[in-house]
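For reference, the structure discussed in these notes is given below.
There are 2 protein chains.
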Amino acid sequence: MVYSQVVETTRIAKATRAGGPRDRLMCAAKELTYRDGMQVGVDAILTAADVARRSLYQHFGGKDGLVAEMLKEEGERMEQIYADALAAGGDDPRERLRALFAFLEKLPDAPGYRGCRFVNADLTLADPGHPAHDVVRAHKQRRREMLEAELRAAGHPDPVTAGIQLELLIDGAAVNAALRPEERHTVAAGLLAQIVIDQGS
Amino acid sequence: MVYSQVVETTRIAKATRAGGPRDRLMCAAKELTYRDGMQVGVDAILTAADVARRSLYQHFGGKDGLVAEMLKEEGERMEQIYADALAAGGDDPRERLRALFAFLEKLPDAPGYRGCRFVNADLTLADPGHPAHDVVRAHKQRRREMLEAELRAAGHPDPVTAGIQLELLIDGAAVNAALRPEERHTVAAGLLAQIVIDQGS
DNA sequence: TAGTGAATCGACCGATCGGTCTACTCTCGT
DNA sequence: ACGAGAGTAGACCGATCGGTCGATTCACTA
Numbered sequence: 001m002v003y004s005q006v007v008e009t010t011r012i013a014k015a016t017r018a019g020g021p022r023d024r025l026m027c028a029a030k031e032l033t034y035r036d037g038m039q040v041g042v043d044a045i046l047t048a049a050d051v052a053r054r055s056l057y058q059h060f061g062g063k064d065g066l067v068a069e070m071l072k073e074e075g076e077r078m079e080q081i082y083a084d085a086l087a088a089g090g091d092d093p094r095e096r097l098r099a100l101f102a103f104l105e106k107l108p109d110a111p112g113y114r115g116c117r118f119v120n121a122d123l124t125l126a127d128p129g130h131p132a133h134d135v136v137r138a139h140k141q142r143r144r145e146m147l148e149a150e151l152r153a154a155g156h157p158d159p160v161t162a163g164i165q166l167e168l169l170i171d172g173a174a175v176n177a178a179l180r181p182e183e184r185h186t187v188a189a190g191l192l193a194q195i196v197i198d199q200g201s
Numbered sequence: 001m002v003y004s005q006v007v008e009t010t011r012i013a014k015a016t017r018a019g020g021p022r023d024r025l026m027c028a029a030k031e032l033t034y035r036d037g038m039q040v041g042v043d044a045i046l047t048a049a050d051v052a053r054r055s056l057y058q059h060f061g062g063k064d065g066l067v068a069e070m071l072k073e074e075g076e077r078m079e080q081i082y083a084d085a086l087a088a089g090g091d092d093p094r095e096r097l098r099a100l101f102a103f104l105e106k107l108p109d110a111p112g113y114r115g116c117r118f119v120n121a122d123l124t125l126a127d128p129g130h131p132a133h134d135v136v137r138a139h140k141q142r143r144r145e146m147l148e149a150e151l152r153a154a155g156h157p158d159p160v161t162a163g164i165q166l167e168l169l170i171d172g173a174a175v176n177a178a179l180r181p182e183e184r185h186t187v188a189a190g191l192l193a194q195i196v197i198d199q200g201s
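As they're listed, the protein sequences go chains F and E. Residue numbering for the first sequence follows full-length UniProt numbering, beginning at 1 and increasing consecutively. Residue numbering for the second sequence follows full-length UniProt numbering, beginning at 1 and increasing consecutively.
Structure follows, in structure tokens:
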């Protein structure tokens, strides 16, 4: 049973006219899997991308391949965004982390925000053998190392534990912001992150 | 494409022989939706519960009804478990919260742990109109009020923000423990929770 | 200009989805 | 002894799933 009215899928095709079939497929997959979940059908993606069925299987081998590749690209994009947010804080590591959490605080305000794409994907794909799991794990691993590096540069007394804690706050806020958007979880996360960052200074 | 070998589903029926068809359906739904995700098929649930197809639709009206009811019961069970964990801490509110996080720390050690059932369900069911969403939101609402009440009793300077922060830590740890089980996220969460709890004391 | 590879359309496949329905069995209260 | 309600077995429904394939069009290049 479906409770919500169907949101038009062809709309996306217009905004995605740029690039070849491969790019259009990636773009459509990004949008639809985020908005409608990973269970979104191949047909919906094809319609949105305005691409022939065969092109999908030639470029990506199948839905799983498309999904995995999409997460990979999105991971790289997100890591760049994180790096930019850190850079906005200047040179001081603590200030850089502060800037990062200030940036994350505003994320849920984006229209259509539905939480962290990677967490959602990993929890949705119950099959432990799905190729997307490795992509997500690798992405989260790199993000944690990024946090740890900043904490280490800041001379934090326990950068490993603190890195995990910052990760918990980021993911916890993303999950809760998606689940109950009316509350300002990211603000509370930012405040607590501040305490973690300032430990031992 | 399915990457993992199929885990036998009939096994569960044996462990669920107790009670009528309704109870067996609930039990099977709890197990299968947690282990295999909410996408698990009706047939798998019926086989595991060793129950006729018709019984499901007579008792619950459909899969969605079964799922919603199951989450409701599980919510009540979890709230009781939380209450017990708090009670283990005695009378002092801070000690009670400490006891709660000590309990939560051990949760991921349970075999087959796959994170928080409610978070997983809510993120998996992309359809915003699915009845399960209300059940999950209500459950999380009550859990937050429970945390807030303890913090208030402890004379915490900002029980609302701290309540949210504890929630972030719990959910963040659950998500990450499911995603990368090899790391001890709950320990880091417990340490940070301690700091939140002790604020202003 | 002829040839080649990419992209398109759309029919088609078997499998599975959630759900409906008929027919039969069992048990229990009257 | 008998009828009612609950449970079971399983065929069946339309829809959709991911995936394959033949036939065609088109752009680019040798």
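Cβ atoms here follow ideal geometry from the backbone N, Cα and C, with glycine treated the same way.
Can you name the residues of chain E whose CB is closer than 8 angstroms to the CB of E183 (chain F)? Within the first sequence, residue 183 (chain F) is the residue found at index 183, counting from 1. Proximity of chain E to E183 (chain F) at the Cβ level (cut-off 8 angstroms) is accounted for by I164, in chain order.
Would you give the residue range spanned by the alpha helix (DSSP H) that M26 (chain F) belongs to? Locating residue 26 (chain F) in the first sequence gives position 26, where the first residue counts as 1. Its alpha helix (DSSP H) spans residues P21 to D36.
Taking S4 (chain E) as the query, report the chain F residues whose CB atoms sit under 8 angstroms from its CB, ordered along the chain. Counting from 1 along the second sequence, the entry for residue 4 (chain E) is found at position 4. What S4 (chain E) touches in chain F: D127, P128 and G129.
Kindly indicate if chain E contains any beta-carbon less than 8 angstroms away from that of P157 (chain F). For the purposes of this step, residue 157 (chain F) is taken as residue 157 along the first sequence, with counting starting at 1. Not an interface residue.
Going straight from the alpha carbon of D122 (chain E) to that of D109 (chain E), what length do you get? Walking along the second sequence from the start, residue 122 (chain E) turns up at place 122. Walking along the second sequence from the start, residue 109 (chain E) turns up at place 109. In this structure, the straight-line span from the alpha carbon of D122 (chain E) to that of D109 (chain E) is close to 23 angstroms.
Taking C-alpha atoms, which residue in E:K106, E:Y113 and E:Q199 lies nearest to R180 (chain E)? In the second sequence, counting from the first residue as 1, residue 180 (chain E) sits at position 180. Ranked by Cα distance from R180 (chain E), the options E:K106, E:Y113 and E:Q199 are led by E:Y113.
By the 10 Å Cβ neighbour count, where 16 or more other Cβ atoms means buried, how is I197 (chain E) classified, buried or exposed? As a position in the second sequence, residue 197 (chain E) is number 197, starting the count at 1. I197 (chain E) comes out buried.
Given that Q194 (chain F) touches chain E, what residues does it touch there, using C-beta distances under 7 angstroms? Taking the first sequence and counting its residues from 1, one reaches residue 194 (chain F) at position 194. Those within 7 angstroms of Q194 (chain F) in chain E number zero; the least Cβ separation is about 11 angstroms.
Chain-ordered residues of the UniProt domain "HTH tetR-type" (19–78) of chain F with a beta carbon less than 7 angstroms from chain E: Of all residues in the UniProt domain "HTH tetR-type" (19–78) of chain F, D36, G37, Q39, G62 and D64 have a Cβ within less than 7 angstroms of some Cβ in chain E.
Compute the Euclidean distance between the alpha carbons of D158 (chain E) and M146 (chain E), then round it to the nearest angstrom. Here residue 158 (chain E) is taken as the residue at index 158 of the second sequence, counted from 1. Here residue 146 (chain E) is taken as the residue at index 146 of the second sequence, counted from 1. Roughly 15 angstroms between the two C-alpha positions.
Anything in chain F within Cβ reach of K106 (chain E), meaning under 9 angstroms, just list it in chain order. Sequence index remark: in the second sequence, residue 106 (chain E) carries index 106 (1-based). Neighbours of K106 (chain E) on chain F: none; closest Cβ ~17 angstroms, over 9 angstroms.
Beta-carbon separation of G115 (chain F) and A193 (chain F) under 8 angstroms? Mapped onto the first sequence, residue 115 (chain F) falls at position 115. Mapped onto the first sequence, residue 193 (chain F) falls at position 193. The answer is no: Cβ separation not under 8 angstroms.
Spatial distance of R144 (chain F) from L168 (chain F) (CA atoms): Position 144 of the first sequence, counting from 1, holds the residue named residue 144 (chain F). Position 168 of the first sequence, counting from 1, holds the residue named residue 168 (chain F). Spanning the two alpha carbons is a distance of roughly 10 angstroms.
Counting only beta-carbon atoms, is G172 (chain E) nearer than 8 angstroms to chain F? Numbered from 1 along the second sequence, position 172 holds the residue referred to as residue 172 (chain E). Yes, G172 (chain E) lies at the interface with chain F (some Cβ there is under 8 angstroms from its Cβ).
Along the chain, where does the alpha helix (DSSP H) that runs through residue 207 (chain F) open and close? Absent from the model: residue 207 (chain F). The displayed extent of chain F is 1 to 201, so no value can be given.
Expected contact under 8 angstroms - CB spacing of A29 (chain E) and M70 (chain E) to nearest Å: As a working mapping, residue 29 (chain E) is identified with position 29 in the second sequence. As a working mapping, residue 70 (chain E) is identified with position 70 in the second sequence. With 8 angstroms as the limit, A29 (chain E) and M70 (chain E) qualify as a contact, their Cβ atoms being about 5 angstroms apart.
Chain F partners of G115 (chain E), CB-CB under 9 angstroms? For the purposes of this step, residue 115 (chain E) is taken as the residue at position 115 of the second sequence. By Cβ distance, chain F contributes L123.
N-terminal and C-terminal residue of the alpha helix (DSSP H) that E69 (chain E) is part of: As a working mapping, residue 69 (chain E) is identified with position 69 in the second sequence. Start and end: K63 to A87.
According to the neighbour-count rule (16 or more other Cβ atoms, all chains shown, within 10 Å of its Cβ), is R53 (chain F) buried or exposed? As a first step, residue 53 (chain F) is located in the first sequence; it is residue number 53 there, counting from the start. With fewer than 16 neighbouring CB atoms inside 10 Å of its own CB, R53 (chain F) falls in the exposed class.
In chain order, what residues of the same chain have a beta carbon less than 7 angstroms from the beta carbon of L166 (chain F), not counting five sequence neighbours either side? Position 166 of the first sequence, counted from the start, is the residue given in the question as residue 166 (chain F). Cβ neighbours of L166 (chain F) beyond the five flanking positions: L147, A193 and V196.
Beta-carbon separation of D64 (chain F) and M1 (chain E) under 8 angstroms? Position 64 of the first sequence holds residue 64 (chain F). Position 1 of the second sequence holds residue 1 (chain E). Yes.
Length of the line joining the Cα atoms of A83 (chain F) and E31 (chain F): In the first sequence, the residue the question calls residue 83 (chain F) occupies position 83. In the first sequence, the residue the question calls residue 31 (chain F) occupies position 31. As the crow flies, the alpha-carbon of A83 (chain F) is around 23 angstroms from that of E31 (chain F).
Rounded separation between I164 (chain E) and T124 (chain F) - CA only: Looking up residue 164 (chain E) in the second sequence gives position 164. Looking up residue 124 (chain F) in the first sequence gives position 124. Approximately 25 angstroms between the Cα atoms of the pair.
Does A154 (chain E) come out as helix, strand or coil in the three-state DSSP assignment? In the second sequence, the residue the question calls residue 154 (chain E) occupies position 154. Here A154 (chain E) sits in coil by DSSP.
Quick check: the Cα distance between L46 (chain E) and R22 (chain E), rounded to an integer number of angstroms? Residue numbering aside, residue 46 (chain E) sits at position 46 when the second sequence is read from its first letter. Residue numbering aside, residue 22 (chain E) sits at position 22 when the second sequence is read from its first letter. In a straight line, the C-alpha of L46 (chain E) is about 11 angstroms away from that of R22 (chain E).
Against chain E, does M1 (chain F) count as a neighbour if the rule is that its beta carbon must be under 8 angstroms from one of theirs? Walking along the first sequence from the start, residue 1 (chain F) turns up at place 1. Yes - at least one Cβ of chain E is within 8 angstroms of the one on M1 (chain F).
For P131 (chain F), which residues from the same chain have a beta carbon less than 7 angstroms from its beta carbon, with the 5 sequence-adjacent residues on both sides left out? Stepping through the first sequence from its first residue, residue 131 (chain F) is reached at position 131. Around P131 (chain F), the same chain offers D64 and A68 as residues with beta carbons nearer than 7 angstroms, after the five sequence neighbours per side are excluded.
To which residues of the same chain is V136 (chain E) closer than 7 angstroms at the C-beta, ignoring the five residues directly before and after it? Within the second sequence, residue 136 (chain E) is the residue found at index 136, counting from 1. So the qualifying residues of the chain are L71, F118, A121 and D122.
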